[in-house]
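Notes for the one structure printed next.
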Amino acid sequence: LNNLPIVAPALDKDPVPTDSTLTCTANGTDGDGDNLTFAYEWVESSGAVFATDTGTESTIDIATYLNSDLSEGETVTCRATANDGYQDGLSVEASVAINHQPTVTPTLDNTPVPTEGTVTCSPNGADGDGHNLSCSYEWVDGADVVFATDAGDTSTIDIPTYLGNGLAEGETVTCHVVANDGYEDGPTGEVSAQVKQRPTVSVVLDKDFALTTDSVTCTPTGADDDGHSVQYAYEWTAPSGTFSTEATIDISVWFGQDIFDGDTLTCTVTPNDGLEDGAVGLPGNHFSDRLGDRTSGQSGLWFLFQPRPSHNQIDFHSRQFMKQGHDGPRPHKLSGNFGISVNQARTFQSFH
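Residue numbers (my numbering): 277 to 628.
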């Protein structure tokens with residue numbers, strides 16, 4: 277009496293990744309020592325056979341059948357049958373689940389991306405099997421060049437580190453994220469944002485010179501290439517420190533307390549587009565020495581204001597100013613060269 281052959285099929289993966297193969301080994305035995313052959317049926321969760329095979333083992337490529345006969349999360353079964361040359365043994369099955377690929381839907385915490393500070397990419401990963409995820413990141417510039425890589429729960433880059441060295445204002449920066457559930461990588465997710473363009477400002481004063489009773493206004497002209505509305509913050513400083521945060525200063529209010537003859541006054545204007553500050557506008561202004569008649573005891577004081585030039589040196593020759601005399605203001609000719617460098621102011625060389 278013939279003994280039926282026996283199989284104990286085993287699968288090499290559990291769960292089986294969507295991008296891999298799955299091998300079924302029959303593990304057959306025969307009590308009579310007969311040589312065995314094996315037949316295999318691959319069965320989807322509905323019970324339909326989608327592939328058959330013979331041999332010592334059977335291997336299928338999951339990707340070949342995915343989204344046609346098989347789906348992520350579905351159970352796939354190998355049904356194995358042995359034959360000893362006389363008869364088939366009983367069919368035995370082994371089953372595993374097809375892995376769910378992990379997914380990501382990344383987000384950035386700053387958009388547009390400020391030129392100062394950091395930007396963080398969060399993967400927002402999910403896994404249909406409940407597996408723990410690990411994530412890897414690539415930061416890509418507008419030319420699709422990777423300039424930074426990272427791994428972890430989130431990824432943060434410091435924008436000033438890469439600005440001018442992989443990134444530029446107005447350029448698109450992209451975070452690529454891939455999640456892995458311990459079995460396979462999921463599809464790459466990406467999120468992009470534009471690096472801001474900082475607002476710019478140029479600053480002028482409404483006077484070249486002023487009386488102690490005059491006011492002086494610092495007027496900015498700003499621009500923002502992102503189209504944001506620009507606001508301004510003002511700071512007037514003297515050697516004694518900051519004395520006003522208004523656009524216009526009244527000389528009489530501050531003279532003798534915070535500002536004095538010969539002081540260099542600076543009006544600093546900082547533009548802000550609602551997201552970050554831009555580079556400051558910085559015209560320099562100089563109080564000259566007293567132009568009044570020192571021997572007559574007259575108290576009339578006239579002061580020269582001159583915006584800081586954009587080049588290294590500028591000279592003024594034979595300028596006409598009004599000087600307080602005994603009989604009222606009269607023209608006063610200022611001769612000699614008056615230079616203001618970018619970093620310091622010089623007083624007049626001579627007065628006549």
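Yeah, the Cβ is synthetic: ideal placement off N, Cα and C, and Gly gets one too.
- Between I435 and V471, the gap from beta carbon to beta carbon is short of 8 Å.
- Remark: fewer than three beta-carbon pairs, one from each stretch, lie closer than 8 Å, so the region 291-299 and the region 378-386 are not flagged as touching.
- Between the alpha carbons of V467 and D426 lies a gap of roughly 15 Å.
- Pairing D306 with V283, the inter-Cα distance amounts to about 9 Å.
- Residue environment for Q363: exposed (fewer than 16 other C-beta atoms within 10 angstroms of its C-beta).
- Looking at the DSSP output, Q507 shares a beta bridge with N548.
- Burial of N375 is indicated by the presence of at least 16 other C-beta atoms within 10 angstroms of its C-beta.
- Using a 10 angstroms sphere on the CB of Q533, the tally of other CB atoms stays under 16, which defines it as exposed.
- For P382, there is no enclosing beta strand (DSSP E), since its DSSP letter is neither H nor E.
- The C-alpha of D457 is placed about 6 Å away from the C-alpha of N408.
- Relative to the Cα of D482, the nearest Cα in the group S322, C543, N400 and W318 belongs to C543.
- By the Cβ neighbour-count rule, P285 is buried, with 16 or more other Cβ atoms within 10 Å of its own.
- By the Cβ neighbour-count rule, F536 is exposed, with fewer than 16 other Cβ atoms within 10 Å of its own.
- The C-alpha of V395 is placed about 7 Å away from the C-alpha of V389.
- With a threshold of 16 other beta carbon atoms within 10 Å, N548 meets it and is buried.
- For the pair N279 and S410, the Cα-to-Cα distance works out to about 51 Å.
- According to DSSP, residue pairing for A315 in a beta bridge involves T330 and T357.
- The beta carbons of D329 and Y341 sit about 13 Å from each other, so the pair does not count as a contact at 8 Å.
- For P436, the enclosing alpha helix (DSSP H) covers residues I435 to Y438.
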